[in-house]
Structure formats: structure tokens, C-alpha cells
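Numbering (our numbering), first residue to last: 12 to 504. Here is the structure we will look at, set down as C-alpha cells.
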Ligand SMILES: [Zn+2]
């Protein structure tokens, strides 16, 4: 399988495309205007302790105070071992924090809407192969490294190196990228984390709260840190300046990839390669067309994502089972790609077309499982319900592509449907009756969209006449070109 990474950098946003076998599989977007702050470390100031909620508000220099729960406050007397309490018996927040004190915190959740950012005092600093956690002493390892011998090798390597280094106290989590990494790779990473950790501590000592003391790397460098793998053939970047910064990072940490990184000076926009731009557009649509003629409908709600599979058009009786099987198989492949591309998370329910042959069912599920193995996010098929729905979860920490690029439609208020002109006409009739009972007017003027006024003057003209007779008043209409189909006003004259 060939894998290529394209990086598009402009002053307003950075976009990263992961392309496998010529097909866009993952897209990441970071905008300067709303750059996330997850992972940033701040020296903050406790502004309010809320005993009732076992929580506190911390000023970290943002517009809105951030929030920390007692269970996310690691007691300062912790000697580096496991926290001295279990999360189920949360200590009194008043014994942990007091108003006015300064506190070093890391953001675990971006501020969303009116909610402030969510914080923890358990810091974690990622490098390519490791995550460093000051103040704890254990070494953990990613579940995605499955080979037991490899797990043992990595844990031993990191564990020993950590013991030897008395300079910096902390634990580590071994990331998936560490699989097959050499001892030099790992110690190189540890040295980097220690340097970083020192500079963070220096900054903490120097600055006045509230202030940021550490920010995660920009997307184009995180891409190199987190996405690049031995099977990555090429990384192309269309900004010379960013290319140079990437090369500095590569030469310091992942020299073996140095000859894979290229500056892309092309005349053609970089995202025209492999139709990346088109594929991103398509990933915003509900419907995904399958080659076999069938299609998949993806609906993202707040609670979950539901996915429905349909055969397209007429299917002869003779080949029905075979067509359904082929459509489901193609859908399984397509869905696993769409989950990654759209970065959908949480609960996902897939409604494959009913198949009678249990062997077909088995093969479709196996296809889905096999395709999901390529996902960078952790996925889990949790079961098949009585109704034949495949239930699965996908873990992710950032917003979906749709959430990054879109907002709820103001016309339909995010429902995805508009009231019909008929419904709006009847609403207008009711509104006129309501107003007529309350006020004394000579006549009424209805301002509405073109489509609604057209209907009032045509299909509804008899009803309008009846209403005029009933209230003994005239009703006039006026088209408001900027009104949506659902908008209208009834004006007393
Ligand atoms: Zn809409």
C-alpha cells in the first residue's frame, strides 16, 4: 500500500491530507482563527472554588474562566506514585485548592459555546514515540501494539532508561508509533522530552499567572510527529517556510524520513492532486455513492452517527441476494473510509441491508473489521443488535470535519428539512386569526417568500377569499426576496 501526505499551508489555515493508494483517507484542518488549545499548559490562577460541584474555576488568560474538577487535581503531596485516592472517592475541593493560588494546568477539552475549557493538573507532553507524564512513575503502553514480545521489549527499554535518568521524575506512555523503534529512537525521544520539560519548568518559575507556558506544535509539524510511518512514501508541503521548519524537526528527531519530505512548488494547487479538494467536498454530503449503484447515507446527530445502506434502483429477483451482498461489502469498505475522512466519533450504528446467508453476514463484518484496522483512531465493534444493526464506537479528541467546516443551517435550524409552503400558508392563516382577535385592523399585509406568496395567490386563493369573508377584512401580499420559505410577517394596516 502506498501512502502519501500532502500539506497545504496558508496564513489562515493549514490542511493535511493523508492519501492511501491515490485515495484521500484522512483530512486535518487547523485554522488560525480558532486554533484548539487542547494540550496547552498554563500557569493559571484559581478564581473561584465551588465546593458544591467539587470543582474550581481557573483563570488561564482566556475570555472565559476554565473549569477543573477535583478528580483532575493531582494532590501536590503525591510522591510520583499513583494518585493517593481513587477517582470514585473525590477529595473535598477545598482541601486541594484555594482562591488566589496559582496552579499549573493542561487543557483537556477546548472551550465550546458558553462552556470554558476543561483542565487537569496531570500534565502529559507528547513526542513521536512517547508521552511524558511528570510526577507519575509508571510506564504504560498503547493497546494498539499487540505483539507481547514487542510490548515487553519497549516497556523494559523505557523503564530502564527512566530509572537511569534521575534528573527528571516522570512516567511514560509508549505510543503506537514506537512499534519496532530502536533503543536510540526511544532515548532520543526521552532526551527531547526532558529538554522540553526543563524549559517548561523554567517558564513556570519565571512568568506571572495567567500565562501560557507550553503550546503544542503547529499542525504541519504534528503531522510529521504523529502521522509519518515507515510506509509513508512522500510528504509534500506547498510552503517553503513551513517546509524548512519541518526539515529542522525531521533532522532532529526522525532523520530516516529526511529524503521523503519535499517542497511542492507546483503550479497546480496541491489539493488538486488526487482530487483531494473534491473528496473533502464530498465528505460533507449525507450521501455516498457506491460504484455498484447503491449508496450510503450518513447522519451525524449529537448523540450518535447512523449509517444506512441502500441498493440503487431496481434489482432483479434472481440476483437479489448476490446484489445485496456485493452492495454491503462495498459499503463496509466505504464506511470505514468515511469514518476516518469525516473524523466521526462516539457511537456509530450501521444498518446493512438484511442478508439471509450467514456466510455473507460474516464476510461483510470481517471486511468492516479489516478496513477499520487502518484507522489511526481507536475503533471497536461492540456488537450486532437483535435487529441486525452493527454497533461500534470510534474514539477521537477533535471535532469532525463537518463540525470544523460547517455550522447548523439557519434556514432549517439544523433539522435538514423545511416546512412546506402549504404548512407555512396554514400558519399564516392561523396567525391572521390570532391577530384579528387581539387587534382592530382595517386590513392585513402578509410579507413572505416568493414561493409562499405564489401559493397564497394560486392554490390557496379560495382559502384566502374565505378567510377575508370570515374576518370581513382584506388581505394583501408582498414578496420579501430575502425571507426563507419559513419566514413571514403579518402586518396590521
Ligand atoms: Zn437547512
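Each residue gets a CB set at the ideal place from its N, CA and C atoms; glycine is no exception.
*DSSP on residue 284, reduced to helix/strand/coil?*
Here residue 284 sits in helix by DSSP.
*By how many angstroms is the C-alpha of residue 262 removed from the C-alpha of residue 238?*
The straight-line gap separating the alpha-carbon atoms of residue 238 and residue 262 is approximately 16 Å.
*Simplified DSSP assignment, three categories, for residue 481*: Helix.
*What are the boundary residues of the alpha helix (DSSP H) that includes residue 343?*
Unbroken alpha helix (DSSP H) run through residue 343: 331-353.
*Report yes if the C-beta of residue 510 is less than 8 Å from at least one heavy atom of ligand 1; otherwise report no.*
What is shown of the chain runs 12 to 504, which leaves residue 510 out entirely.
*Is it buried or exposed for residue 323, if we count other Cβ within 10 angstroms and need 16 for buried?*
Classification of residue 323: exposed, given that the 10 Å Cβ count is below 16.
*If we count the other Cβ atoms within 10 Å of its Cβ and call it buried at 16 or more, is residue 220 buried or exposed?*
Flag for residue 220 reads buried.
*Just to confirm, does residue 58 get its C-beta within under 8 Å of one of the non-hydrogen atoms of ligand 1?*
No, Cβ of residue 58 sits at least 8 Å from all heavy atoms of ligand 1.
*Using a threshold of 9 Å, state whether the C-beta atoms of residue 9 and residue 143 are closer than that.*
As shown, the chain starts at 12 and ends at 504. That puts residue 9 outside it, with no answer to give.
*Got a sec: does ligand 2 put a non-hydrogen atom nearer than 8 Å to the Cβ of residue 420?*
Ligands present in the displayed structure are limited to ligand 1, and ligand 2 is not among them.
*Looking at residue 481 and residue 457, is the spacing between their C-beta atoms short of 9 Å?*
No, they are not a contact pair.
_Nearest by alpha-carbon distance to residue 471: which of 17, 417 and 440 is it?_
Selected option, being the one with the closest Cα: 440.
*Classification of residue 190 by the beta-carbon crowding that lies within 10 angstroms, buried from 16 upward*: Result: buried.
*Could you give the DSSP three-state label for residue 137: helix, strand or coil?*
Reduced to three states, the DSSP call for residue 137 is strand.
*Span of the beta strand (DSSP E) holding residue 54?*
Annotation for residue 54: the continuous beta strand (DSSP E) segment containing it runs 52-61.
_DSSP state of residue 499 mapped onto helix, strand, coil_ = In this structure, residue 499 counts as strand in the three-state DSSP scheme.
*From residue 300 to residue 364, what does the alpha carbon distance come to, in whole angstroms?*
Take the alpha-carbon of residue 300 and the one of residue 364: they are about 15 Å apart.
*residue 362 to residue 302, Cα distance in whole Å?*
Taking the CA atoms as reference points, residue 362 sits about 19 Å from residue 302.
*For residue 145, the nearest candidate out of 103, 173 and 60 (CA to CA)*: Considering only alpha carbons, the answer is 173.
*Going by the C-beta, is residue 240 closer than 8 Å to any heavy atom of ligand 1?*
No - ligand 1 has no heavy atom lying nearer than 8 Å to the Cβ of residue 240.
_Exposed unless 16 or more other CB atoms sit within 10 angstroms - verdict on residue 21_ = By the neighbour-count rule (16 or more Cβ atoms within 10 Å), residue 21 is not buried but exposed.
*Specify the secondary structure class of residue 88 as computed by DSSP and reduced to three states.*
For residue 88, the pLDDT reaches just 45, beneath the cut-off of 50, and the residue's location in the model is therefore unreliable, although a value from the coordinates is still provided. In this structure, residue 88 counts as coil in the three-state DSSP scheme.
*Quick one: what does DSSP say residue 440 is sitting in, helix, strand or coil?*
Correct three-state label for residue 440: helix.
*asked:* Could you check whether the stretch 235-250 touches the stretch 262-274, counting it as contact only if at least three pairs of C-beta atoms, one from each stretch, sit closer than 8 Å?
replied: Short answer: they touch.
*In whole angstroms, what separates the C-alpha of residue 104 from that of residue 311?*
Here the alpha carbons of residue 311 and residue 104 stand approximately 37 Å from one another.
_Does the structure place the stretch 225-236 close enough to the stretch 159-171 that three or more beta carbon pairs sit under 8 Å?_
Because the criterion of three Cβ pairs below 8 Å is not met, the stretch 159-171 and the stretch 225-236 do not touch.
*asked:* Please report the distance separating the alpha-carbon of residue 387 from that of residue 268.
replied: Rounded to the nearest angstrom, the two C-alpha atoms are 20 Å apart.
_Below 8 Å on the Cβ atoms is my contact criterion, and I expect residue 423 with residue 295 to pass it. Report the Cβ-Cβ distance as a whole number of Å._
So it is not a contact: roughly 16 Å between Cβ atoms.
*Which word fits residue 62, buried or exposed, when buried means at least 16 other C-beta atoms lie within 10 angstroms of its C-beta?*
Exposed is the label assigned to residue 62, since fewer than 16 other Cβ atoms lie within 10 Å of its Cβ.
_Tell me whether the stretch 108-127 and the stretch 61-76 touch, counting them as touching only if at least three CB pairs, one residue from each stretch, are closer than 8 Å._
Flag = yes, the stretch 108-127 and the stretch 61-76 touch.
*asked:* Cutting at 6 Å between CB atoms, please list the residues of its own chain near residue 26, excluding the five before and the five after it.
replied: Result list for residue 26: 19 and 40, in chain order.
*Quick one: Cα of residue 89 to Cα of residue 54, how far?*
At residue 89, the pLDDT of 44 sits below 50, so the modelled position is not reliable; the number obtained from the coordinates is stated separately. Straight-line Cα distance between these residues: approximately 19 Å.
*asked:* I need the DSSP call for residue 315, collapsed to helix, strand or coil.
replied: The answer is strand: DSSP assigns residue 315 an E or B state.
*Round the Cβ separation of residue 506 and residue 37 to the nearest angstrom and send it over; I've been treating them as touching at under 8 Å.*
Residue coverage of the chain in this structure runs from 12 to 504, which leaves residue 506 outside it and unanswerable.
_ligand 1 heavy atom lying under 8 Å from the CB of residue 2_ = Given that the chain is displayed from residue 12 to residue 504, the structure contains no residue 2 and the question cannot be resolved.
*asked:* Could you tell me the alpha carbon to alpha carbon distance between residue 84 and residue 151, rounded to whole angstroms?
replied: Approximately 21 Å between the Cα atoms of the pair.
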